[in-house]
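Residue numbers (my numbering): 440 to 700.
Here a beta-carbon is modelled for each residue, glycine too, at the ideal position from N, C-alpha and C.
This one's a predicted model, so the numbers in the text were calculated from it and none came from an experiment.
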Ligand SMILES: Nc1ncnc2c1ncn2[C@@H]1O[C@H](COP(=O)(O)OP(=O)(O)O)[C@@H](O)[C@H]1O
Ligand SMILES: [Mg+2]
């Protein structure tokens, strides 16, 4: 199972890439859970789930025991049951969980946040491929919000500002919980020099290079997934990216069976 999270500056392309990645991965077989920890809508659109406000009832959580988390899933409801009942289902059968859905009233937000975190923490890693979309900035990435991921992909545009954020994010490799692989995905790349600029600025493998594709912006205006509106160079690049990530996992398997670290 592939577990990957996308991080980067706001506007770098995390949601467009992660949503399309989730769907293309699902088309290759295997259940995919898209976990969106950006409380602002983004990934839902690129998944093709135009309406992401599926409020989950307040009563899925109850007050937690003394000394533990403030709110926990109610007795009898575990992560699998929660996903089964409350994750939305999008095109290509991707299941989608959004963090910070207001659940009808913002005062219940905290309960929703606890439930989301518990589900992501406790879900069976053998049951799902997981594709995550982190909000812009460094906070979530640094503080372990993507602990579900084996691969953290930092999305960057070939601009100094975007690269600056990417450099900070790559500090995550120093975090205690850091994912086993931290890689770079170049987005809105127009020419070879763009890739060069990125590899020169960041000391990490660039595993994907996604071209600037006007169809992505058109799709956004129509509230469509890039997969459902004029799929072209962008979609092809994400397809390649899925292939690269899959083969990296295969290599890990081989290493594991050969008993090498
Ligand atoms: N490769 C691309 N080509 C053209 N437009 C893109 C590309 N990637 C992202 N965009 C556009 O850039 C904007 C920001 O992308 P988004 O995925 O929402 O970024 P993030 O989630 O990182 O904030 C969107 O309007 C999207 O359509
Ligand atoms: Mg986004």
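Check: When DSSP labels each residue in this structure, what does residue 513 get in the three-state scheme?
Finding: coil
Check: Starting from residue 602 and walking both ways along the alpha helix (DSSP H), at which residues does that stretch end?
Finding: 599 to 609
Next item on the list: Report back the beta-carbon spacing between residue 407 and residue 600 to the nearest angstrom; my notes put them in contact at under 8 Å.
Entry: Look at the range of the chain in this structure, 440 to 700, and you will see that residue 407 is not part of it.
Notebook entry, point to check: In this structure, does DSSP put residue 570 in helix, strand or coil?
Noted result: strand
Notebook entry, point to check: Is the segment 587 to 604 in contact with the segment 462 to 469, if contact means three or more CB pairs nearer than 8 Å?
Noted result: no
Next item on the list: Starting from the C-beta of residue 667, find all residues in its chain whose C-beta is less than 8 Å away, skip the five residues before and the five after it, and write them out in chain order.
Entry: 487, 530 and 658
Next item on the list: Identify every residue that forms a DSSP beta bridge with residue 686.
Entry: According to DSSP, which records beta bridges pairwise, residue 686 is partnered with nothing at all.
Next item on the list: Report yes if the C-beta distance between residue 597 and residue 637 is below 9 Å; otherwise report no.
Entry: yes
Checklist line | Proximal residues to residue 627 (C-beta, below 6 Å), its chain only, five neighbours per side dropped | finding: 596 and 651
Check: For the alpha helix (DSSP H) that residue 459 lies in, which residues bound it at each end?
Finding: 453 to 466
Checklist line | Alpha-carbon spacing of residue 633 relative to residue 645, whole angstroms | finding: 12 Å
Check: Per DSSP, which one or two residues make a beta bridge with residue 722?
Finding: No answer is possible for residue 722: the residues shown for the chain start at 440 and end at 700.
Notebook entry, point to check: What are the boundary residues of the alpha helix (DSSP H) that includes residue 558?
Noted result: 548 to 561
Next item on the list: Below 8 Å on the Cβ atoms is my guess for residue 604 versus residue 680; work out the distance and round it to an integer in Å.
Entry: Not quite, the Cβ-Cβ distance comes to about 20 Å (not below 8 Å), so this is no contact.
Next item on the list: Give a single yes or no on whether residue 452 has its beta carbon closer than 8 Å to a heavy atom of ligand 1.
Entry: yes
Item checked: Cβ separation of residue 511 and residue 549, assumed to be a contact under 8 Å, to the nearest whole Å -> No, residue 511 and residue 549 are not in contact; Cβ-Cβ is about 13 Å, not under 8 Å.
Margin query: Less than 8 Å separating the Cβ of residue 673 from some heavy atom of ligand 1?
Written below: yes
Check: What do you reckon, is the C-beta of residue 647 under 8 Å from a heavy atom of ligand 1?
Finding: no
Check: Closest Cβ-Cβ distance between residue 616 and chain C: below 9 Å?
Finding: The structure shown contains no chain C; it holds only a single protein chain.
Check: Which word fits residue 458, buried or exposed, when buried means at least 16 other C-beta atoms lie within 10 angstroms of its C-beta?
Finding: buried
Check: With 16 as the cutoff for other CB atoms within 10 Å, does residue 582 come out buried or exposed?
Finding: exposed
Checklist line | Secondary structure of residue 565, DSSP reduced to three states | finding: coil
Check: How is the alpha helix (DSSP H) around residue 642 delimited, first residue to last?
Finding: Per DSSP, residue 642 belongs to no alpha helix (DSSP H) and is neither H nor E.
Item checked: Residues near residue 526 in its chain [Cβ-Cβ closer than 8 Å; skip 5 each side] -> 472, 534, 535 and 536
Notebook entry, point to check: Mapping DSSP to helix, strand and coil, what is residue 472?
Noted result: strand
Next item on the list: May I ask you to check if the CB of residue 576 is nearer than 8 Å to at least one heavy atom of ligand 2?
Entry: no
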